[in-house]
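Single-structure report; data block below.
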Amino acid sequence: MKTLILGFDSFDPAVFEQMAGQNLLPNLEKFIEHGGYSRLEVCSPPQTEVSWTSIATGTDPGGHGIFDFVHRDPVTYAPFVSILPTKKGIAGEQFVPPYTAKTFFEEAAALGYPATALWWPAMFPARSELPVMTLPGLGTPDIRGQLGVGALFTSENETKPKTIVVKMEGAAKNRFTASLPGPQTAGRDGPRTISLPIAVDVLDDRSVRLTVDKTQIRLSLGEWSEIIELKFRAGMLFNIHAITRFIATSLSGAVRIYALPLQIHPAHSTWHYSSSGSFAKNLWNEVGPYLTLGWPQDTTGLEEGCITDNQFLDLCEKIFERRIQILFHLMKNFHEGVLASIFDDLDRVQHMFFHNRMDVVQDWYKRLDRFVGDVSARVDEWSGKYRYLILSDHGFSDFRNKIHLNRWLLENNYISMKNGGSDLTGVDWNRTKAYAVGLNSVYLNITGREGQGIVQANQIEGILSELNEKLSGWKDSHGSSIVQKIRLKHETYSGPYTRFGPDLVVGYASGYRGSAETGLGKIPATVIEQNTDHWGADHCMDADVVPGVIFANRDLRDFGALSFRDIPFLAIGKHLDQSHLKPPSQATGEGQKDLEERLKGLGYL
Amino acid sequence: MMMKMLAEGGLSVVTDELRSADDDNPNGYFELEAVKRMSAGNVAWFADAEGKVVKVISALLEYLPSKFSYKIIFMEREIKEILASQLKMLTHRNETSRADEAEIEAQFRKHLEIVKPWLVRQPNMKILFVSYNKMLSEAAPLCEKILEFLGAPLDVSRMKAVPRRDLYRNRKDRV
Numbered sequence: 000m001k002t003l004i005l006g007f008d009s010f011d012p013a014v015f016e017q018m019a020g021q022n023l024l025p026n027l028e029k030f031i032e033h034g035g036y037s038r039l040e041v042c043s044p045p046q047t048e049v050s051w052t053s054i055a056t057g058t059d060p061g062g063h064g065i066f067d068f069v070h071r072d073p074v075t076y077a078p079f080v081s082i083l084p085t086k087k088g089i090a091g092e093q094f095v096p097p098y099t100a101k102t103f104f105e106e107a108a109a110l111g112y113p114a115t116a117l118w119w120p121a122m123f124p125a126r127s128e129l130p131v132m133t134l135p136g137l138g139t140p141d142i143r144g145q146l147g148v149g150a151l152f153t154s155e156n157e158t159k160p161k162t163i164v165v166k167m168e169g170a171a172k173n174r175f176t177a178s179l180p181g182p183q184t185a186g187r188d189g190p191r192t193i194s195l196p197i198a199v200d201v202l203d204d205r206s207v208r209l210t211v212d213k214t215q216i217r218l219s220l221g222e223w224s225e226i227i228e229l230k231f232r233a234g235m236l237f238n239i240h241a242i243t244r245f246i247a248t249s250l251s252g253a254v255r256i257y258a259l260p261l262q263i264h265p266a267h268s269t270w271h272y273s274s275s276g277s278f279a280k281n282l283w284n285e286v287g288p289y290l291t292l293g294w295p296q297d298t299t300g301l302e303e304g305c306i307t308d309n310q311f312l313d314l315c316e317k318i319f320e321r322r323i324q325i326l327f328h329l330m331k332n333f334h335e336g337v338l339a340s341i342f343d344d345l346d347r348v349q350h351m352f353f354h355n356r357m358d359v360v361q362d363w364y365k366r367l368d369r370f371v372g373d374v375s376a377r378v379d380e381w382s383g384k385y386r387y388l389i390l391s392d393h394g395f396s397d398f399r400n401k402i403h404l405n406r407w408l409l410e411n412n413y414i415s416m417k418n419g420g421s422d423l424t425g426v427d428w429n430r431t432k433a434y435a436v437g438l439n440s441v442y443l444n445i446t447g448r449e450g451q452g453i454v455q456a457n458q459i460e461g462i463l464s465e466l467n468e469k470l471s472g473w474k475d476s477h478g479s480s481i482v483q484k485i486r487l488k489h490e491t492y493s494g495p496y497t498r499f500g501p502d503l504v505v506g507y508a509s510g511y512r513g514s515a516e517t518g519l520g521k522i523p524a525t526v527i528e529q530n531t532d533h534w535g536a537d538h539c540m541d542a543d544v545v546p547g548v549i550f551a552n553r554d555l556r557d558f559g560a561l562s563f564r565d566i567p568f569l570a571i572g573k574h575l576d577q578s579h580l581k582p583p584s585q586a587t588g589e590g591q592k593d594l595e596e597r598l599k600g601l602g603y604l
Numbered sequence: 000m001m002m003k004m005l006a007e008g009g010l011s012v013v014t015d016e017l018r019s020a021d022d023d024n025p026n027g028y029f030e031l032e033a034v035k036r037m038s039a040g041n042v043a044w045f046a047d048a049e050g051k052v053v054k055v056i057s058a059l060l061e062y063l064p065s066k067f068s069y070k071i072i073f074m075e076r077e078i079k080e081i082l083a084s085q086l087k088m089l090t091h092r093n094e095t096s097r098a099d100e101a102e103i104e105a106q107f108r109k110h111l112e113i114v115k116p117w118l119v120r121q122p123n124m125k126i127l128f129v130s131y132n133k134m135l136s137e138a139a140p141l142c143e144k145i146l147e148f149l150g151a152p153l154d155v156s157r158m159k160a161v162p163r164r165d166l167y168r169n170r171k172d173r174v
């Protein structure tokens, strides 16, 4: 077995087909000639971590348990990030793998082949018990254990919604000082933020000298620094290592220095960053430093005006270049097994520019096409039988309007509030039938499952049917459908995790998406809000709106319609048996302990 | 009782007979030890169980492999009677119950509130809820329902002869 997989996050079939029609993507067009191109049916909802996990396991979310970026605790209704779950253990709160379904990487390894997954989403923390080499992708946290925000050091009084803003103090002429806030540790009086001193010496209107602790670098205006290694002293014998890049964005008048989110140092991680640990370290030493955050292309920094469009695109290019170097480095010694690598810069670029800068987007399609040409040239030298796949997890679409779905549910009498409020904490659960948490997920407030559920088992079908009808018939002021398709859980998902999924998946039509506020269970004042954000395009619509692509060195026309379920077979020649999966217990923790003991005593368990 | 009824009706029962009939269950237990290991992924025995009857307690239903389809006869009984029956069984097994019975009852009710809505929504499961208490007094119409539900040619006259008053030992009014 020898399989190479390139994953192009968000590579859209409509854009590809349109550009291919103009012969703009010659290397990818070659696949069409022998029937090696097809649109790919993606899972529902078409969200990055859901989709890549479905591709890796050949199952829908009912089989792996990741249904949305955000899940909710049914007892408390509190939302939480699905790809970064934690569990309390002897050593305190620890990250745990977000799923345990078998991937085709594991299956290849079980068959005796080496298997490597680079930047595949939802693979943090590394599962060191599995013989699969991994560098994790989306879901990898920063050193604070969060999904990551950058820090802006400024001589001005200013604020940003998400970015950490640090006011620099003038220490002398053209010299400013501040502290770089790092990770938190447990102190005697509660959590304590460890910081490093920084000093900024403005050399002229085009350059500064930045000193972070004992490290000194020279920054040119508007250009990213190399990756800088930092060391935060967390105790007498304990340091937390981090990496970042800095950029000077303003030196005339206001002085501004921006730092990317502080990221895990792959050679000194306190968490299980990679499998094996030496794999990440060796790549760092042999190829060079690389960023590790699950979302390293800093869209938040761009959205909040900390960096410009060009600085953002330059960062994407640097990330892409280093990943290519790592892949080519591994390809030098790739003789058998599975080697897969995800490239997600296109996704970030499309979020930012798909709606108003198609020239930028098309440049990235061409960039990926040139990369495919470079890879194909290497692959063409291989002898014997091999599989070569290029695929995407979904396409892309406009996102002109944000849907505040909880407001719609409230206006349609599915949610009742106690005394107003703008999130689920103000909801009167004794009079609430359905609520939304996550970008595409609606849950019924079911008795016995939800903490204060009121919907009885025999009412479920009726309410779902009513919601389906109302949402499917929902039109905007121009008479266009807002929802492309409603998918019911039991019709969409199969597998042991199905019962944890949303009761209803809202597949939005092109131009519409659940708002970020809806994702967190919030209830803003309006139902529809025009999207004027830099983040002007998306893929969290209906799966039929944003199909993916697959290219292969074989004739795909033999297969008919291809879906994510076919990928394990195309990758390693077999479908995966997931019957080993042990679903989480129905029991609700401590509260069911006596019952479990009783059943054991009776010999039933 | 239901296992005995289905066996009398002519269906094959998957059982290892490790637990034999006793004072608590004079008709026998009709259990399969491997069922308890489903939660650890031990489901190989399913290959030989197609078209047959197996006894699974409600707490283990979630571990039934999703790749098969099931017809489930869900036996319901007054919870206080279940608890009384269990206490008696524990005594016979020389086991003691440390838990408060009211707490156990609350947990049972909570468990049923969770498992029943879940069951009715499983695409690979068809459910028939049967009252144990009603079966003792109205066996004939319930047996007809079971016949219709299973769609198998069963010997109803033998089935309805199984529910016997002498098995009804743990009613709450005797507790």
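For the record, the sequence lines run as chains A and B. In terms of numbering that gives the first Met the number 0, the first sequence has 429 at position 430, counting the first letter as 1, and numbering is strictly consecutive. In terms of numbering that gives the first Met the number 0, the second sequence has 43 at position 44, counting the first letter as 1, and numbering is strictly consecutive. Every residue gets a Cβ at the ideal spot worked out from N, C-alpha and C, and that includes glycine.
Please check if any C-beta of chain B sits within less than 8 Å of the C-beta of residue 448 of chain A.
By this cut-off, residue 448 of chain A is an interface position.
Between residue 48 of chain B and residue 42 of chain B, what straight-line distance do the alpha-carbon atoms span, to the nearest angstrom?
10 Å
Range of the contiguous beta strand (DSSP E) that encloses residue 373 of chain A
Element bounds for residue 373 of chain A: not the beta strand (DSSP E) but the alpha helix (DSSP H), 357-378.
Could you please give the first and the last residue of the uninterrupted beta strand (DSSP E) stretch that includes residue 1 of chain A?
1-7
Chain B contacts made by the segment 494-511 of chain A, where a contact means CB separation under 9 Å
Per Cβ criterion, the list reads 494, 495, 497, 498, 502.
Using C-beta distances below 7 Å, list every residue in its chain close to residue 105 of chain A, excluding the 5 sequence neighbours before and after it, in chain order.
Answer for residue 105 of chain A: 129, 131, listed in chain order.
Report the partner residues of residue 75 of chain B according to the DSSP bridge assignment.
For residue 75 of chain B, which the question treats as bridged, DSSP gives the partners B:130.
Cβ of residue 48 of chain B within 8 Å of any chain A Cβ:
no
Enumerate, from N- to C-terminal direction, the unbroken beta strand (DSSP E) stretches of 3 or more residues contained entirely within the segment 41-99 of chain A.
Whole beta strand (DSSP E) segments, 3+ residues: 69-71, 78-80, 85-88, 91-94.
Identify the residues that DSSP records as bridge partners of residue 324 of chain A: which are they?
Answer by DSSP bridge pairing: none, since residue 324 of chain A is not bridged.
Starting from residue 119 of chain A, trace the beta strand (DSSP E) in both directions and tell me its first and last residue.
114-119
Kindly indicate which three-state DSSP category residue 512 of chain A falls into: helix, strand or coil?
Reduced to three states, the DSSP call for residue 512 of chain A is strand.
Please go through the segment 389-415 of chain A and give each complete beta strand (DSSP E) segment of 3 or more residues, from N-terminal end onward.
Runs found: 396-402.
For residue 575 of chain A, which residues in chain B fall below 8 Å Cβ to Cβ?
Simply none; closest approach about 12 Å.
Would you call the segment 324-342 of chain A in contact with the segment 528-541 of chain A, where contact means no fewer than 3 C-beta pairs closer than 8 Å?
no
Give a yes or no on whether 8 Å exceeds the smallest Cβ distance from residue 459 of chain A to chain B.
yes
Can you say whether residue 103 of chain A is buried or exposed, counting buried as having 16 or more other CB atoms within 10 angstroms of its CB?
buried
Name the residue from A:440, A:445, A:22 whose alpha carbon lies nearest to the alpha carbon of residue 429 of chain A.
A:445
What do you reckon, are the CB atoms on residue 5 of chain B and residue 71 of chain B nearer than 8 Å?
no
Rounded to whole angstroms, what's the CA-CA distance from residue 432 of chain A to residue 453 of chain A? Just pull it up for me.
Cα to Cα, residue 432 of chain A sits roughly 7 Å from residue 453 of chain A.
Can you have a look at residue 56 of chain A and say buried or exposed, based on whether 16 or more other CB atoms are within 10 angstroms of its CB?
So residue 56 of chain A counts as buried.
Partners in chain B for residue 597 of chain A, counting only beta-carbon separations shorter than 7 Å
85, 96, 98, 103
Would you please verify whether the beta carbon of residue 442 of chain A is less than 8 Å from any beta carbon of chain B?
Not closer than 8 Å to any Cβ of chain B, the Cβ of residue 442 of chain A fails to qualify, so no.
Output the distance between the C-alpha atoms of residue 24 of chain A and residue 0 of chain A, rounded to the nearest integer angstrom.
29 Å
Please determine whether the Cβ atom of residue 24 of chain B lies at a distance below 7 Å from any heavy atom of the ligand PLP.
This structure lacks the ligand PLP; in fact it carries no ligand of any kind.
Around the Cβ of residue 165 of chain B, are there at least 16 other Cβ atoms within 10 angstroms (buried) or fewer (exposed)?
For residue 165 of chain B, the predicted structure reports a pLDDT of 49, less than 50, and the residue's modelled location is therefore unreliable. The matter cannot be settled from this model.
Does the distance from the CB of residue 136 of chain A to the CB of residue 120 of chain A come in under 8 Å?
In this structure, residue 120 of chain A lies closer than 8 Å to residue 136 of chain A by Cβ.
Uninterrupted beta strand (DSSP E) stretches inside the segment 144-178 of chain A (no shorter than 3 residues)
150-153, 163-166, 168-171
Three-state secondary structure (DSSP) of residue 13 of chain B:
coil
Report yes if the CB atom of residue 148 of chain A is closer than 8 Å to the CB atom of residue 299 of chain A, and no otherwise.
yes
Chain A partners of residue 88 of chain B, CB-CB under 8 Å?
601
Who are the Cβ neighbours of residue 588 of chain A in its own chain at under 6 Å, not counting the five residues just before and after it?
Residue placement at residue 588 of chain A cannot be trusted, given a pLDDT of 44 that sits under 50; the coordinates are not used to answer.
Could you have a look at residue 544 of chain A and say whether DSSP puts it in helix, strand or coil?
For residue 544 of chain A, the three-state secondary structure derived from DSSP is coil.
Would you check if the distance between the CB atom of residue 403 of chain A and the CB atom of residue 517 of chain A is smaller than 8 Å?
Contact: yes.
Which residues in the same chain as residue 154 of chain A place their Cβ atom closer than 8 Å to its Cβ, once the five residues preceding and following it in sequence are excluded?
Around residue 154 of chain A: 166, 167, 169, 175, 253, 254, 255.
I'd like the span of the beta strand (DSSP E) that includes residue 495 of chain A, first residue to last.
Element bounds for residue 495 of chain A: n/a, residue is neither H nor E.
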